[in-house]
Amino acid sequence: DLADLYARLAAHAGASGVYHANDEGDERVNDIVGAIRPYLPVKPDVRYVPIEEARTKMGAYAEALALDQVVRSPRARALGWTPSLHSVAGNAARLLEEWRASRN
């Protein structure tokens with residue numbers, strides 16, 4: 176999907192700026208981590224840290240991590256791009272296999 180978007184951007188002379196590449200499925204990070212977890216040899220240690228504690232340890236970066244963001248990709252879609260993969264959580268096994276294969 177990303178290669179297709181990159182090719183469209185390279186072919187479009189006026190393309191500049193930020194282009195998001197997503198299926199607009201609004202998945203939460205916790206859902207993605209939960210879907211990946213069964214396939215990992217070492218389970219991620221997910222802990223919830225109160226924002227005040229996070230600010231003390233991380234400064235302003237804590238605010239960025241705490242944001243609840245919704246990302247859309249209208250600029251990519253205007254170039255004719257459409258993702259073939261929908262749902263990271265729903266495709267965790269496939270994505271992990273592709274990632275592992277790419278490392279060999």
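If you count the sequence shown from 1, you need to add 175 to reach our numbering. Every residue, glycine too, gets a C-beta built ideally from N, C-alpha and C. Keep in mind that this is a model prediction, so the values were computed, not measured.
By Cβ distance below 7 Å, which residues in the same chain neighbour residue i in space, the five residues on each side in sequence not counted?
i, result
"GLY255", "ARG183"
"HIS261", "ASP198, GLY200"
Just verifying my parser: in three-state terms, what is the DSSP assignment at residue i?
i, result
"ARG278", "coil"
"VAL154", "This structure leaves residue 154 out entirely; the chain is present only between 176 and 279."
"THR257", "coil"
"ASP179", "helix"
"ASN197", "coil"
"LEU242", "coil"
"LEU271", "helix"
"ARG252", "helix"
"ALA190", "coil"
"PRO213", "helix"
"GLY234", "coil"
Could you name the residues of the same chain whose beta carbon sits closer than 8 Å to that of residue i, not counting the 5 residues immediately before and after it, in chain order?
i, result
"ASP206", "ALA264"
Here's the rule I'm using: 16 or more other beta-carbon atoms within 10 Å means buried, otherwise exposed. How should residue i be labelled?
i, result
"ALA276", "exposed"
"ALA188", "exposed"
"ALA251", "buried"
"LEU180", "buried"
"ALA210", "buried"
Just to check my reading of the structure: residue i and residue j have Cβ atoms closer than 8 Å, yes? What is that Cβ distance to the nearest angstrom?
i, j, result
"ALA196", "PRO258", "7 Å"
Quick one: what's got a C-beta closer than 6 Å to residue i's C-beta in the same chain, skipping five residues either side?
i, result
"VAL193", "none"
"VAL246", "HIS195, ASN197"
Does residue i have its Cβ less than 8 Å from a Cβ in chain E?
i, result
"LEU270", "Annotation note: the requested chain E is absent from the structure, which comprises a single protein chain."
Is there contact between the segment 207-227 and the segment 264-273, where contact requires at least three CB pairs shorter than 8 Å?
yes
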